[in-house]
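Visitor: Under my numbering, the first residue of the sequence shown carries the number -13, and numbering increases by one thereafter. We treat Cβ as the ideally placed atom computed from N, Cα and C, and that holds for glycine. Take a look at this one; I'll ask things after.
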Amino acid sequence: MQLYFIFMKKICFATNNEHKIQEVKNIIGNAFQILSLKDVGCSEDLPETGNTLEQNSAQKANYIFKNYHIACFADDSGLEIESLNNKPGVDSAHYAGTRNATDNNNKVLAELADKTNRNAVFKTVITFVSLNSESQFTGIVKGEIINQLPEKEGFGYDPIFIPLGESKTFAEMSIVEKNKISHRSIAINKLIEYLNLREDL
Ligand code: IMP
-13 MQLYFIFMKK ICFATNNEHK IQEVKNIIGN AFQILSLKDV GCSEDLPETG
37 NTLEQNSAQK ANYIFKNYHI ACFADDSGLE IESLNNKPGV DSAHYAGTRN
87 ATDNNNKVLA ELADKTNRNA VFKTVITFVS LNSESQFTGI VKGEIINQLP
137 EKEGFGYDPI FIPLGESKTF AEMSIVEKNK ISHRSIAINK LIEYLNLRED
187 L
């Protein structure tokens, strides 16, 4: 078992978000050894000053690679709502001015109160950085925003998002159910395919 770990590819996942870590570990399983920011000695906040998910994702991954010299990937994700001109988008984490998920969900629901078009997409952009290489992988899932905030809490906007063709919100799904269809799992599966071809890591 120990030998198995020695030969596993070690990759840092540049996030402090426990929800993202749980989802990604569930998808990756034992294919790679995922190191946390704490594992690589990083306790500072990662820079996220870009105007797009692509820029922020690249910024976080490059920060870890340059400062901690380990192959790593970062995830930047957001909810884009058609009738709100694709907002909250890159501002998803602090849309209501705080990082409080209930406030963010309530703001979205208030803005959609008089809208019949409730189409939205969740989008994840993963950036992988290693010596002399940088690649991005995108995952998108289409869905709709429900009318009222349910009592059951969940990760970010999961309680108000029903993926297309489903009858449950992401928050009502198990992690395995969400991972079968989610934006994050689509992007992570593309990353896994890419990493499996990288014999130099
Ligand atoms: P960031 O990618 O860490 O900047 O996070 C953006 C914000 O989008 C998070 O704080 C959540 O509010 C939201 N978010 C990202 N991914 C998901 C998801 O899978 N479900 C629900 N909300 C999400």
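Is there at least one non-hydrogen atom of the ligand IMP closer than 7 Å to the beta-carbon of asparagine 72?
Guide: Translated into positions along the sequence shown, residue 72 becomes position 86. Asparagine 72: no, Cβ never under 7 Å from the ligand IMP.
Visitor: Work out the CA separation of tyrosine 54 and isoleucine 167 for me, nearest whole Å.
Guide: The residue given as residue 167 occupies position 181 in the sequence shown. The residue given as residue 54 occupies position 68 in the sequence shown. Taking the straight line from one Cα to the other gives about 33 Å.
Visitor: Relative to the C-alpha of lysine 6, which candidate in Ser22, Ile148, Arg85, Glu120 has its C-alpha closest?
Guide: Position 20 of the sequence shown holds residue 6. Cα-wise, what sits closest to lysine 6 is Ser22.
Visitor: Please tell me whether, using a cut-off of 7 Å, the distance from the CB of leucine 65 to the nearest non-hydrogen atom of the ligand IMP is below it.
Guide: The residue labelled residue 65 in the question sits at position 79 within the sequence shown. Flag set: Cβ of leucine 65 near the ligand IMP.
Visitor: Any beta-carbon of chain C closer than 8 Å to the one on glutamate 185?
Guide: The structure shown contains no chain C; it holds only a single protein chain.
Visitor: List the endpoints of the continuous beta strand (DSSP E) containing leucine 21.
Guide: To locate residue 21, count along the sequence shown from 1; it is residue 35. Unbroken beta strand (DSSP E) run through leucine 21: 19 to 21.
Visitor: Is the CB-CB distance between asparagine 103 and proline 145 below 8 Å?
Guide: What you label residue 103 is simply residue 117 of the sequence shown in a count that begins at 1. What you label residue 145 is simply residue 159 of the sequence shown in a count that begins at 1. No, the Cβ-Cβ distance between asparagine 103 and proline 145 is not below 8 Å.
Visitor: Starting from glutamine 122, trace the beta strand (DSSP E) in both directions and tell me its first and last residue.
Guide: For the purposes of this step, residue 122 is identified with residue 136 of the sequence shown, where counting begins at 1. 119 to 131 is the extent of the beta strand (DSSP E) around glutamine 122.
Visitor: Could you pull out every residue in the same chain whose Cβ sits closer than 6 Å to the Cβ of lysine 154, ignoring the five residues on either side in sequence?
Guide: The sequence position of residue 154 within the sequence shown is 168, counting from 1. None.
Visitor: Give the range of the alpha helix (DSSP H) segment to which serine 69 is assigned.
Guide: Position 83 of the sequence shown holds residue 69. Neither: serine 69 is in no alpha helix (DSSP H) and is coded neither H nor E.
Visitor: Identify the continuous beta strand (DSSP E) that holds phenylalanine -1 and give its terminal residues.
Guide: Position 13 of the sequence shown, counted from the start, is the residue given in the question as residue -1. Per DSSP, phenylalanine -1 belongs to the beta strand (DSSP E) from -4 to -1.
Visitor: Under the assumption that glycine 142 contacts serine 69 (Cβ atoms under 8 Å), give the Cβ distance between them as a whole number of angstroms.
Guide: As a working note, residue 142 is residue 156 in the sequence shown. As a working note, residue 69 is residue 83 in the sequence shown. That pair is no contact at about 20 Å.
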